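Quick note on numbering: the numbering used here labels position 31 of the sequence shown as 45, and the sequence is numbered without any gaps. Beta carbons: idealized from backbone N, C-alpha and C, even for Gly. If you're wondering where the values come from, they're calculated on a predicted model, not measured in any experiment. Structure record follows, encoded as structure tokens.
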Amino acid sequence: MVGQAGESTVKSLPGFKNGRHAVPDAVTPATRAFFARLCGELVAEEGEGWFQRARAELGYKRTELTLEVTSPVAVLTAKDFTFEIEYELCARDASSYGGRKTLHEMDGGRVGAPVFEDLFAGQFSEIAFDLKKGVQVEAVIDAVEDLDGEGGLHVDYPSDYQSCTLRVEGEEAEVTCDGVSLAMIFPRTGAPMELVEAFCAVRRAFVLSKRTALAGLL
């Protein structure tokens with residue numbers, strides 16, 4: 015599961031010193047390294063906050079929870095999930111940066127538990143998967159178009175067919191496919207179980223399809 019943090023300016027970072035530091039004007043190896051040094055305090059503080067919350071709210075012992083910080087990334091590893099926080103310069107405007115939170119390797123028994131849902135409430139807006147066998151984007155497009163709207167499935171795509179976006183009538187989430195991965199994107203953030211329930215609703219529309227390219231996609 016993935017969540018995006020809002021953008022902020024590099025100048026707002028605790029490590030930025032006016033008159034001493036210059037704001038990046040491009041994303042390069044040098045500016046990435048500079049940014050990593052600047053946001054070290056921010057990443058360490060946020061990672062520590064999540065460590066303490068997870069330890070207290072989920073009742074972990076010392077051996078069940080670890081935090082590793084290598085700016086601009088912090089990785090919280092628990093016995094039943096991994097939570098990563100990463101910051102990076104914005105490609106379109108290197109004077110700004112954004113964040114990304116990823117929850118993976120979850121124990122299915124945790125999802126839906128009230129304390130787990132409360133800990134990660136409002137954090138995620140995307141469920142992403144890698145496709146083990148891959149799929150032809152053109153085949154997915156053709157399968158949906160051949161349905162002529164049956165099942166409420168619709169597809170949009172660029173002229174180069176490098177990816178496509180699938181929608182199901184009545185569901186807010188969109189599914190993007192580039193042939194090697196899938197991402198189900200939601201219009202607002204939620205807790206893990208909220209995303210899982212929405213995912214299941216969209217998945218039913220794919221599974222019910224008799225088109226092979228769709229039935230095995232989700």
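Note down, in chain order, each residue of its chain lying with its Cβ closer than 6 Å to the Cβ of residue i, except the 5 sequence neighbours on either side.
i	result
F200	S139, A187
H118	T96
A88	V57, G61, I99
A142	V16, A197
What's the gap between the Cα of residue i and the Cα of residue j?
i	j	result
L72	T80	14 Å
G54	T203	26 Å
A105	V41	6 Å
E131	A212	15 Å
K147	H35	47 Å
T91	H168	39 Å
R114	L161	36 Å
A205	F65	18 Å
M207	N32	44 Å
A157	V129	41 Å
Is it the case that the CB of residue i approaches a heavy atom of the ligand GTP more closely than 7 Å?
i	result
P128	The model depicted lacks the ligand GTP and carries no ligand whatsoever.
Can you list, in chain order, the residues of its chain with a C-beta nearer than 8 Å to that of residue i? Leave out the 5 residues immediately preceding and following it.
i	result
R67	L133
Based on DSSP bridge pairs, tell me the residues matched to residue i.
i	result
E131	Beta-bridge pairing links E131 to no other residue.
A19	G113
R181	H168, E188
F143	L196
From the beta carbon of residue i, is the nearest beta carbon of chain B less than 8 Å away?
i	result
A40	Annotation note: the requested chain B is absent from the structure, which comprises a single protein chain.
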